[in-house]
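In this note's numbering, the protein residues as written are 5 to 361.
Below is one structure, written out as structure tokens; comments come after it.
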């Protein structure tokens, strides 16, 4: 029904309400055993008082390198669209996007990033959006590799848990193969997709045509996969990013006296990375804490230290990333009120935008 349209703020309100409920439930579940103790708050305060915060310096440096590599990888993905500079063109919208992911529900910061970059660079939104989607595919591959190594080689873990890594690996492989088929054989892929849509009688013909056009134009943003050197760079930067993230997990745990095998930190990273994809409150509060607790209960009995370490890991990235992203956003000349209108129109703009001449 083309005449009906639910305002985005209503959808966002529903997302936000559900997300807060999910976060509250995760936070309660993560802390439920700790809160059973009468001196729970004093023990938690003691964990923070005894922590070694010298790790803040290498952790912050690791996060700087993480986001720089993320902008560098985006540059490689955007190479078929144009040649952009990391510090001037790509790092600001990257940080803005992550800041708004920390402030808005449903990962809407990704749409803000696409809009701001397209607005400043005049690049087609469909091609830019496709590179952001492709980022997620490479992130999944990199995270699964790190998680798989941890699950396979760490000592003392149930073999049935190791088997789950195989399932995730197969799923990731299917995603990668589908993406490659889309890029290498775009027109046959689109024709097959159009044929499949014909079996959906309630889908308007105009919308089918727009979806097919979006797929064809979006392939331009995925064309970097056809270049072996670019593909190698994308894979290398993807893996390096998440290894750095794993390092921050390990340092955060060490800060609170949790001396575990680095492979355990790999598992924590993998579980947390997938955990934050679950719809929750902006900033993934509660979810990160639950992921830390769920993994580390197999390797340590000091639940209070684990919970405190999860907060340390969370806040040492959340606060600076949000502040830096908002500072970059302030330099764009846009207002916070513009963001809602931007996100509301984003999906329609992406679908109807014609491929560049």
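Positions of the beta carbon are idealized from the N, C-alpha and C atoms, including for glycine.
Keep in mind it's a predicted model, so treat the numbers as computed, not measured.
Apart from sequence neighbours up to five positions away, no residue of its chain approaches residue 342 with a beta-carbon distance below 8 Å. Looking only at 99, 134, 333 and 316, the smallest Cα-Cα distance to residue 84 is reached by 134. If one requires a minimum length of 3 residues, no beta strand (DSSP E) run lies completely within the segment 277-307. In the three-state scheme derived from DSSP, where H, G and I count as helix and E and B as strand, residue 265 is classed as coil. In the DSSP assignment, residue 139 falls within the unbroken alpha helix (DSSP H) covering 129-157.
In the displayed model, residue 232 falls within a helix according to three-state DSSP. Its Cα nearest to that of residue 250, the residue 149 stands out among 149, 185 and 121.
Annotation for residue 74: the continuous alpha helix (DSSP H) segment containing it runs 60-81.
One Cα belongs to residue 272, the other to residue 161, and the distance between them is close to 13 Å. Around the CB of residue 319, fewer than 16 other CB atoms lie within 10 Å, so the residue is classed as exposed. In this model, residue 136 and residue 305 are separated by some 40 Å (Cα to Cα).
Below 8 Å, too few C-beta pairs join the segment 72-82 and the segment 319-339 to call them touching: fewer than three. With a cutoff of 7 Å on beta-carbon distance, residue 326 and residue 103 are scored as near each other. Short of 7 Å from the beta carbon of residue 322, and not among the five residues preceding or following it, lie these beta carbons of its own chain, in chain order: 106 and 287.
Of the candidates 101, 142, 52 and 141, the residue whose Cα lies closest to the Cα of residue 122 is 101. Residue 275 is positioned such that its CB atom lies closer than 7 Å to that of residue 295. Comparing C-alpha distances from residue 114 to each of 189, 97, 240 and 49 shows the shortest one belongs to 97. For residue 106, the secondary structure class from DSSP, reduced to helix, strand or coil, is helix.
Your pair residue 311 and residue 69 does not check out as a contact, with CB atoms roughly 27 Å apart and the cut at 8 Å. Look at residue 326 here: in three-state DSSP terms it is helix.
In terms of Cα proximity to residue 246, the closest of 147, 233 and 178 is 147. Leaving aside the five residues that flank residue 255 on each side, the residues in its chain whose CB is nearer than 7 Å to its CB run, in chain order, 59, 62 and 63. In its chain, beyond the 5 residues on either side, 75, 78, 79 and 88 have a beta carbon closer than 7 Å to the beta carbon of residue 94. Taking a 10 Å sphere around the C-beta of residue 71, we find 16 or more other C-beta atoms and assign the residue as buried. For the 7 Å CB-CB criterion, residue 314 and residue 292 form a contact.
Residue burial is scored here from C-beta neighbours: residue 279 has at least 16 other C-beta atoms within 10 angstroms and is therefore classed as buried.
Between residue 142 and residue 73 the beta-carbon gap is near 12 Å, outside 8 Å, which marks them as no contact. Residue 257 has its alpha-carbon roughly 25 Å from the corresponding atom of residue 26.
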